[in-house]
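A.B. asks: This is the structure, below, for whatever I ask next.
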């Protein structure tokens with residue numbers, strides 16, 4: 001989970017439209033929030049990811065659901081209130097259900113910064129305070145057969161690529177350094193850092209894993225010593241650091 005910047009509501013969601021849809025919901029209980037223009041703007045806000053678990057979402061399928069942070073069953077006046085809507089995968093939406101954050105608080109990623117309330121331990125997300133702990137419990141953020149397994153698999157792929165960079169660097173230290181090998185090393189490192197940016201799936205956990213790997217620090221030092229660590233790498237790392245969870 002990473003911090004989301006709440007963008008402007010879709011143009012079609014005017015105050016008049018909100019009033020109209022809210023009344024329609026109260027009278028008919030119809031899914032008035034399921035407008036394509038609402039879904040599209042929510043996906044734009046989250047980079048096509050679930051606001052809670054960062055799983056990829058697709059507006060064309062049933063996987064993407066509009067989540068009401070304050071449940072519509074208890075707060076019907078907020079049914080299409082833009083600040084109350086989040087993009088969610090079906091799993092997280094079902095897990096959260098009708099949970100009322102006013103009774104027991106949970107992280108709203110469009111309001112709270114998750115990294116201030118969560119940390120990573122052995123691919124599991126742990127709450128560092130009451131808000132974080134309740135969020136993990138209610139949303140089931142450590143489901144072994146889905147979320148934890150996905151984190152593990154993707155993280156292992158990243159680490160494997162990182163290790164291959166380090167292997168190439170070792171070759172450079174004992175043989176003639178060819179420009180093509182340096183280019184390969186640089187391009188692979190750049191690709192890895194781009195994979196842990198906020199627009200990528202599971203970026204909060206993957207950035208934490210990669211940036212805390214011992215080989216990452218060795219590779220970064222090699223890049224700095226050989227004038228390869230340029231402004232682009234500085235910017236990519238800084239961006240990843242802004243979203244990565246702490247590891248304990």
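Numbering (the UniProt record's numbering), first residue to last: 1 to 248.
By construction, the Cβ of each residue, glycine as well, lies at the ideal position given by its N, Cα and C atoms.
Between which two residues does the beta strand (DSSP E) containing residue 121 stretch?
C.D. replies: If you number the chain shown from 1, residue 121 lands on position 121. Looking at the DSSP string, the run of the beta strand (DSSP E) that includes residue 121 is 118–121.
A.B. asks: Excluding the 5 residues preceding and the 5 following residue 229 in the sequence, name in chain order all residues of the same chain whose CB lies nearer than 6 Å to its CB.
C.D. replies: Walking along the chain shown from the start, residue 229 turns up at place 229. Excluding positions up to five away in sequence, the list reads 223.
A.B. asks: Run through the DSSP bridge pairs and tell me what residue 86 is partnered with.
C.D. replies: For the purposes of this step, residue 86 is taken as the residue at position 86 of the chain shown. Paired residues: 67.
A.B. asks: How close, in whole Å, do the beta carbons of residue 151 and residue 83 come, if the pair is a contact with beta carbons under 8 Å?
C.D. replies: If you number the chain shown from 1, residue 151 lands on position 151. If you number the chain shown from 1, residue 83 lands on position 83. Actually they do not touch by this definition, with Cβ atoms about 29 Å apart.
A.B. asks: Just the Cα atoms here: how many angstroms apart are residue 42 and residue 85?
C.D. replies: As a working mapping, residue 42 is identified with position 42 in the chain shown. As a working mapping, residue 85 is identified with position 85 in the chain shown. Distance between the alpha carbons of residue 42 and residue 85 is about 8 Å.
A.B. asks: So, helix, strand or coil for residue 97, using DSSP?
C.D. replies: The residue you call residue 97 lines up with position 97 of the chain shown. Here residue 97 sits in coil by DSSP.
A.B. asks: Using the DSSP secondary-structure output, state which residues sit across from residue 56 in a beta bridge.
C.D. replies: The sequence position of residue 56 within the chain shown is 56, counting from 1. Residue 56 is bridged to 49.
A.B. asks: I need the DSSP call for residue 212, collapsed to helix, strand or coil.
C.D. replies: Translated into the one-based positions of the chain shown, residue 212 becomes position 212. Coil at residue 212, not helix or strand.
A.B. asks: DSSP three-state call for residue 159: helix, strand or coil?
C.D. replies: Locating residue 159 in the chain shown gives position 159, counting from the first residue. In this structure, residue 159 counts as helix in the three-state DSSP scheme.
A.B. asks: Compute the distance between the beta-carbons of residue 102 and residue 125, then report whether it is under 8 Å.
C.D. replies: Locating residue 102 in the chain shown gives position 102, where the first residue counts as 1. Locating residue 125 in the chain shown gives position 125, where the first residue counts as 1. Going by C-beta atoms, residue 102 is not nearer than 8 Å to residue 125.
A.B. asks: Who are the near neighbours of residue 58 in its chain, counting only those whose CB is closer than 7 Å to its CB and skipping five residues on each side?
C.D. replies: Here residue 58 corresponds to residue number 58 of the chain shown, with the count starting at 1. Answer for residue 58: 64, listed in chain order.
A.B. asks: Can you grab the Cα-Cα spacing for the pair residue 12 / residue 113, in whole Å?
C.D. replies: Stepping through the chain shown from its first residue, residue 12 is reached at position 12. Stepping through the chain shown from its first residue, residue 113 is reached at position 113. Spanning the two alpha carbons is a distance of roughly 29 Å.
A.B. asks: To the nearest angstrom, how far is it from the Cα of residue 156 to the Cα of residue 243?
C.D. replies: As a working mapping, residue 156 is identified with position 156 in the chain shown. As a working mapping, residue 243 is identified with position 243 in the chain shown. So the two alpha carbons sit approximately 20 Å from each other.
A.B. asks: Would you mind working out which of 225, 193, 69 sits nearest residue 104, comparing C-alpha positions?
C.D. replies: Locating residue 104 in the chain shown gives position 104, where the first residue counts as 1. For residue 104, the nearest C-alpha among the options comes from 69.
A.B. asks: Give me the Cα-Cα distance between residue 128 and residue 205, rounded to the nearest whole angstrom.
C.D. replies: One-based indexing of the chain shown puts residue 128 at position 128. One-based indexing of the chain shown puts residue 205 at position 205. Distance between the alpha carbons of residue 128 and residue 205: 15 Å.
A.B. asks: Is the region 163–180 touching the region 116–123 in the sense that three or more CB pairs, one from each, lie closer than 8 Å?
C.D. replies: Counting Cβ pairs under 8 Å, fewer than three are found: no touch.
A.B. asks: Please classify residue 111: is it buried, with 16 or more other beta-carbons within 10 angstroms of its beta-carbon, or exposed?
C.D. replies: Counting from one through the chain shown, the residue named residue 111 turns up at place 111. Exposed, because fewer than 16 other Cβ atoms sit within 10 Å of the Cβ of residue 111.
A.B. asks: When DSSP labels each residue in this structure, what does residue 127 get in the three-state scheme?
C.D. replies: Numbered from 1 along the chain shown, position 127 holds the residue referred to as residue 127. Residue state, collapsed to three classes: strand.
A.B. asks: Within the continuous alpha helix (DSSP H) that includes residue 236, where are the two ends?
C.D. replies: Residue mapping note: residue 236 aligns to position 236 of the chain shown, counting from 1. 231–241 is the span of the alpha helix (DSSP H), which, as asked, contains residue 236.
A.B. asks: Go ahead and pull the three-state DSSP assignment for residue 227.
C.D. replies: Here residue 227 refers to the residue found at position 227 of the chain shown. Residue state, collapsed to three classes: coil.
A.B. asks: State the Cα-Cα distance for the pair residue 154 and residue 173, rounded to the nearest angstrom.
C.D. replies: The residue given as residue 154 occupies position 154 in the chain shown. The residue given as residue 173 occupies position 173 in the chain shown. About 29 Å.
A.B. asks: Please state the DSSP three-state secondary structure of residue 113.
C.D. replies: Here residue 113 refers to the residue found at position 113 of the chain shown. Coil at residue 113, not helix or strand.
A.B. asks: In the DSSP output, what is residue 246 paired with across the bridge?
C.D. replies: Position 246 of the chain shown, counting from 1, holds the residue named residue 246. 119.
A.B. asks: Classify residue 189 as helix, strand or coil using the three-state DSSP reduction.
C.D. replies: Position 189 of the chain shown, counted from the start, is the residue given in the question as residue 189. Three-state result, residue 189: helix.
A.B. asks: For a test of the three-state rule: what should DSSP assign to residue 9, helix, strand or coil?
C.D. replies: Taking the first residue of the chain shown as position 1, residue 9 is located at position 9. Of the three classes helix, strand and coil, the one that applies to residue 9 here is coil, per DSSP.
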